[in-house]
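By the count of the numbering used here, the sequence shown reaches residue 112 at its end, each step adding exactly one. Ideal placement from N, C-alpha and C gives every residue a C-beta, glycine not left out. Have a look at the structure below, then the notes.
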Amino acid sequence: MTDLQILNLLAARLRHTRSLSSINRLKELLGVRIQPDVPVQPKKSVQFDEHVYILPTYSVAQYNRTSDRTNTCYCLNAETACLIRDELNRYKLYEMEIHAKSKYMTHFIP
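Now the structure itself:
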């Protein structure tokens with residue numbers, strides 16, 4: 003084996019060792035085992051208040067429920083609206099849970 007081949011093997015081992023140490027460091031920092039084949043499910047928790055509050059509301063004659071044209075959604079340019087729509091669609095496609103019996107009704111079928 004030539005010196006160049008030995009150096010190349012050592013360089014490859016160093017790269018491998020560095021990448022392993024990086025992964026181990028990430029594991030320590032995150033406190034999570036990295037398993038690419040197993041999706042990580044976030045813990046879900048719902049809490050209900052033990053007290054129920056019923057508050058008065060207003061009738062249509064007392065409260066104007068029409069939208070305000072100065073809201074941000076009316077001031078978006080086409081590019082920003084497309085970015086928001088794409089982000090929402092990516093969320094729907096990759097992150098949002100959909101019941102198995104309802105998947106056929108979705109726009110994004112994985």
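C-alpha distance - residue i paired with residue j, whole-angstrom precision
i      : j      : result
PRO112 : ASN91  : Per-residue confidence for PRO112 stands at a pLDDT of 48, beneath the threshold of 50, marking its modelled position as unreliable; the derived number appears in the next sentence. Those two C-alpha atoms are separated by around 12 Å.
ILE100 : LYS46  : 15 Å
TYR65  : CYS84  : 33 Å
ALA80  : THR74  : 13 Å
GLU52  : MET98  : 29 Å
TYR55  : LYS105 : 36 Å
PHE50  : TYR76  : 35 Å
TYR60  : THR72  : 23 Å
ARG67  : VAL48  : 30 Å
LEU78  : ALA63  : 31 Å
SER69  : ARG87  : 20 Å
Top-ranked residue by Cα proximity to residue i, from the options
i     : options                         : result
TYR93 : LEU78, ALA102, THR82 and HIS109 : HIS109
TYR96 : SER23, ASP70 and GLN43          : GLN43
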